[in-house]
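For reference, the structure is listed below as structure tokens.
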Amino acid sequence: MLYGIAAATASFLLAALLAALLRAPALRLALVDRRRQRPVPLLGGAAVVLVTGAVAWTGDRTGVVPLGSGVGRLLVAATAVGFLGLAADVWRLRRRWLLAGTALAAAYVVPYGETGPVAGGLAAGWIAVVAVAFRGLDHADGVAGTVGVVTAFGVGACAAAELMDGLAVLLLALAAALTGFLLHNWHPARIALGACGSLFAGFLLAGAAVFTRAGHEPLAGVGVAFALTALAGVDAALVLLSRRLAGRPLLRGGPDHLAHRLRRLGLTPRGAAVVLGAASFCGVLVGVLVHTGWAGETAVLWPAGGAVAGVAALLRVRVYGPRRTVGDGMRRPEVGESRRPDVEESRRPGVEGSRRPGVEETRRALAGGSRRAAAEGAEESRRTVADVSRRVDADVPPRRRPTETQGSRTPPGATGTPDEASSRGTIFPVRQTRRTEKSQVRESLRVRNG
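Using the numbering used here, the first residue of the sequence shown is number 42, and each one after it goes up by one.
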């Protein structure tokens with residue numbers, strides 16, 4: 042017990058110090074990951090691997106807490122998987138090679154004497170899948186470290202219940218090392234686990250779960266192992282199913298993991314890490330209670346049901362962008378096709394002009410409206426001129442008016458009756474054809490205008 046506390050303290054301090062020291066070399070070697078347009082170094086996993094292995098081997102060599110042959114083999118295989126992940130960080134190895142190498146390492150550590158060959162083979166495949174799925178949690182700040190700490194405490198509690206002290210101390214050292222790493226990985230992250238640390242942690246947690254459940258009923262063991270590592274499995278299932286439904290390659294990366302979808306729902310990076318850590322704690326708690334006998338074996342159905350509901354709900358969150366269709370006018374143009382549908386439509390055979398029919402109809406409607414407006418304006422102008430003419434004629438003095446009472450003032454050569462002449466003067470007083478009327482109108486206008 043005392044050594045466990047000392048091991049946890051040493052792991053926490055050494056991991057925090059080593060992660061801070063490895064940040065600068067990772068930046069110089071360009072071992073970085075792009076997260077929201079900022080580089081994050083990937084050597085934090087190397088610090089976790091080195092510290093966990095050093096603390097565990099120190100307890101084994103000193104004889105304080107011996108690991109045993111099985112746990113020692115598990116630690117060696119996990120370290121080898123960690124170095125495989127480091128190679129993937131440096132040379133960008135494909136996922137198929139990571140899965141194949143992890144499966145070989147898992148086949149080396151499975152206790153076939155207690156599980157049998159068939160169950161042992163299935164357990165090896167499950168360990169490899171969980172290790173690779175755990176790597177998917179490292180795409181967001183603080184998620185992989187938080188889930189790893191919670192899972193390590195849960196599996197360590199199961200190992201302590203089985204009196205596996207060496208495995209319990211190993212998991213305690215891993216949880217403390219991940220906690221020290223979280224000091225630099227919490228948002229905004231200054232360093233990340235990378236494939237090295239995520240594969241190491243996932244492999245060690247899944248292998249420890251198989252060790253603790255070896256010798257128990259197989260069906261209940263599957264349920265407990267799933268509950269302990271439910272979050273990594275949910276993330277992998279969600280990613281594969283969404284990419285399959287979207288028609289994307291299964292091994293092509295994208296912002297479609299659990300943390301990314303929670304961010305799309307409005308959570309902050311720290312909020313997403315806390316929510317995923319709480320979800321992981323719920324599954325781990327159920328697994329520990331079933332393993333220790335505090336809950337029935339049917340209790341593992343709760344994490345399974347929650348996983349199915351979570352996958353179904355998060356599948357509705359759009360992470361690949363809206364798909365363009367013909368119906369909403371957002372279809373992606375083919376090769377050689379114009380991006381403007383009106384121009385493309387006008388270039389088709391049988392279409393007159395270079396404009397759409399709607400544009401031509403609009404132009405005609407505007408032309409018709411302009412003609413109507415012009416006609417109305419002309420009519421209004423004529424009415425205004427007539428009104429002005431009446432006013433001018435009303436201002437002419439009565440003695441100047443060419444009426445019948447004034448005798449024959451009609452100049453020689455004038456045609457028409459006096460009524461016709463007066464009517465002409467009333468309508469157009471300025472433009473008279475007779476000199477007498479013209480002079481009278483001009484005189485009256487001069488008098489009126491002062």
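Backbone N, C-alpha and C fix where the C-beta goes; we use that ideal spot for every residue, glycine too.
- Item | Local conformation of V280 per DSSP, three classes | Helix at V280.
- Message: If I measure Cβ to Cβ from A300 and keep anything under 6 Å in the same chain, skipping five residues before and after, which residues do I get?
- Response: A181, V184 and A313
- Query: Using the beta-carbon count (16 or more within 10 Å), is S66 buried or exposed?
  - Reply: Inspection of the sequence shows that residue 66 is occupied by Pro rather than by Ser. With fewer than 16 Cβ atoms within 10 Å of its Cβ, P66 is classed as exposed.
- Would you report the Cα separation of G243 and G189, rounded to the nearest angstrom? 8 Å
- Task: Please work out which residues of its chain come closer than 8 Å, Cβ to Cβ, to T120, disregarding the five sequence neighbours upstream and downstream, and give them in chain order.
- Result: If we look at T120 and ignore the five residues flanking it on each side, its Cβ neighbours are V90, G94 and F241.
- Query: Can you pull the DSSP bridge partners for P80?
  - Reply: Looking at the DSSP assignment, P80 forms a beta bridge with R75.
- 7 Å Cβ shell around A340 - same chain, five flanking residues per side excluded: V327, L330 and V331
- Query: H301 lies in the alpha helix (DSSP H); which residues open and close that run?
  - Reply: L299 to R305
- Classify E445 as helix, strand or coil using the three-state DSSP reduction. Confidence at E445 is low in this model, with a pLDDT of 42, below 50, so its placement is unreliable and the value that follows should be read with caution. DSSP places E445 in helix when its eight states are reduced to three.
- Query: Measuring CB to CB, does E284 end up less than 8 Å from V358?
  - Reply: The question names Glu, yet the displayed sequence has Arg at residue 284. No, these two residues do not count as a Cβ contact at 8 Å.
- Message: Helix, strand or coil for V367? Go by DSSP, reduced to three states.
- Response: Any answer about V367 is weak, because its pLDDT of 41 lies below 50 and its placement is not dependable; what the coordinates show is given next. If DSSP states are grouped into helix, strand and coil, V367 belongs with coil.
- Residue range of the unbroken alpha helix (DSSP H) whose run includes V112: S110 to W132
- Task: Could you round the C-beta distance between P344 and A271 to whole angstroms and report it? I think they count as a contact, below 8 Å.
- Result: 5 Å
- Figure out for me which residue from L245, A273, L127 and T187 has the closest Cα to the Cα of M147. As written in the sequence, residue 147 is Ala, which differs from the Met given in the question. Selected option, being the one with the closest Cα: L245.
- In whole angstroms, what separates the C-alpha of L92 from that of L356? The question names Leu, but residue 92 is Val in the sequence shown. In a straight line, the C-alpha of V92 is about 38 Å away from that of L356.
- Message: With a threshold of 8 Å on Cβ separation, who are the neighbours of V360 within its own chain once the five nearest residues in sequence on each side are excluded?
- Response: Cβ within range, chain order: S283, G295, P296, D297, H301, R302 and R305.
- Item | Unbroken alpha helix (DSSP H) run spanning H332, endpoints | P310 to T333
- Item | Residue from R64, W335 and A57 with nearest C-alpha to A202 | W335
- Query: Since A249 contacts L208 with CB under 8 Å, what's their CB separation in whole angstroms?
  - Reply: 6 Å
- Message: Restricting to Cα atoms, I'd like to know which of A278, H225, G347 and V275 is closest to L59.
- Response: H225
- Let me know the alpha helix (DSSP H) ranges lying completely inside the segment 163-229, each 4 residues or longer, listed in chain order. 184-202 and 206-226
- In terms of alpha-carbon separation, which member of V280, S321 and V315 lies closest to V352? V280
- Rounded separation between S110 and C237 - CA only: 24 Å
- L70 in three-state terms, based on DSSP: Residue state for L70 is assigned as coil, using DSSP reduced to three classes.
- Message: Taking the straight line between their C-alpha atoms, what separation do you get for L269 and F53?
- Response: 23 Å
- Item | Where the alpha helix (DSSP H) containing R254 begins and where it ends | From DSSP, the alpha helix (DSSP H) with R254 extends over G235 to R254.
- Message: For the alpha helix (DSSP H) containing L269, name the first residue and the last one.
- Response: First-last of the alpha helix (DSSP H) with L269: P259 to L269.
- Would a C-beta distance cut-off of 8 Å place V251 and V151 closer than the cut-off? Cβ distance < 8 Å, so V251 and V151 count as in contact.
- Task: Leaving aside the five residues before and after V493 along the sequence, list all residues of the same chain whose C-beta is less than 7 Å from its C-beta, in chain order.
- Result: A query on residue 493 cannot be resolved here, the shown segment of the chain reaching from 42 to 491 and no further.
- In whole angstroms, what is the alpha-carbon distance linking L55 and G85? 12 Å
- Message: Just to confirm my understanding: we take E393, look at its own chain, exclude 5 residues before and 5 after, and list those with CB closer than 7 Å. What are they?
- Response: Because E393 carries a pLDDT of 42, less than 50, the predicted location of this residue cannot be relied on, and the following value inherits that uncertainty. Cβ within range, chain order: n/a, list empty.
- Are the beta-carbon atoms of T253 and C323 separated by less than 8 Å? no
- Query: How would you call W132, buried or exposed, if buried means at least 16 neighbouring beta carbons within 10 angstroms?
  - Reply: exposed
- Local conformation of G295 per DSSP, three classes: Three-state DSSP puts G295 in coil, outside helix and strand.
- Query: For R136 versus V173, is the C-beta distance shorter than 8 Å?
  - Reply: With contacts defined by Cβ atoms closer than 8 Å, R136 and V173 form a contacting pair.
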